[in-house]
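When you line the sequence shown up against numbering that gives the first Met the number 0, it's residues 0 to 190, in that order.
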Amino acid sequence: MKVGVLAGGASSRMGTSKALMPGPTGEPLLVRAVRVGREAGLDPCVVGQGLELSRVAEELGVPIVGDAVASSGPLSGLVGLLRHASPEPVIVVACDMPYVEAGVLRELVASLAGHAIVASRREGRWEPLLSALDPARVLPVAEARLGRGALSLQGLFDEVGAAVCSLDPAVLRDWDTPDDVDAGPLAKPRG
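Okay, structure coming up:
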């Protein structure tokens, strides 16, 4: 099964490439996410574009998957990943979630059986950037939404009928701004 490490965001709020910045142990976030995917027994790929990401992906020995449509946000990257992974199920993890461990990814794998999508919810919203998906059931809907400009991952998860997998809120912490880096895993997740 593949794990797609999402690394394609602009990192504008952080002010530097999140994928390449050091995580809690000093290891670059992208390198850490690929390593954790391998520790979970998954086959990693990097979802994003650009020379720097391509260079790092090559050094790590993993393929890089581009967006299905340029500049169309996370849904476009997800469609690219689903096409790459199909027909196998796929785990999605954002590179800026530095507290995700291999056990969390294995829990998502185990929870996917019989579902199109499995993800956590917090404060009434899906956490799409740490989820498990079945391309056979999700890709047609995702492609249709992308084609009509309905780019919301929340909308996709609702339309497909995602199932809830309760994960420890600490692993859902992501690093969007410099303040997040210092907050640690036990800080209250932002809504």
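Each residue gets a CB set at the ideal place from its N, CA and C atoms; glycine is no exception. For clarity, every value in this text was computed on a predicted model and none was experimentally measured.
Per DSSP, the unbroken alpha helix (DSSP H) holding residue 51 starts and ends at 50-59. Going by C-alpha positions, residue 96 is about 8 Å away from residue 28. Listed in chain order, the alpha helix (DSSP H) runs fully inside the region 97-128 are 101-110, counting runs of at least 4 residues. Per DSSP, reduced to three states, the secondary structure at residue 132 is strand. Exclusion of the five residues before and after residue 39 leaves 101, 104, 105 as the residues of its chain whose Cβ lies within less than 6 Å of its Cβ. For residue 3, the enclosing beta strand (DSSP E) stretches over residues 1-5. Short of 6 Å from the beta carbon of residue 82, and not among the five residues preceding or following it, lies no beta carbon of its own chain. Counting along the chain, no alpha helix (DSSP H) covers residue 42; the unbroken beta strand (DSSP E) around it starts and ends at 42-46.
In this model, residue 91 and residue 66 are separated by some 14 Å (Cα to Cα). Taking each of 48, 163, 69, 78 in turn and checking the Cα distance to residue 122, the smallest one comes out for 163.
Taking C-beta separations shorter than 6 Å and ignoring five residues to either side along the sequence, the partners of residue 47 in its chain run 6, 7, following chain order. Secondary-structure assignment with DSSP links residue 89 through a beta bridge to 1, 132.
Distances from the alpha-carbon of residue 161 to those of 85, 168, 26, 137 put 137 closest.
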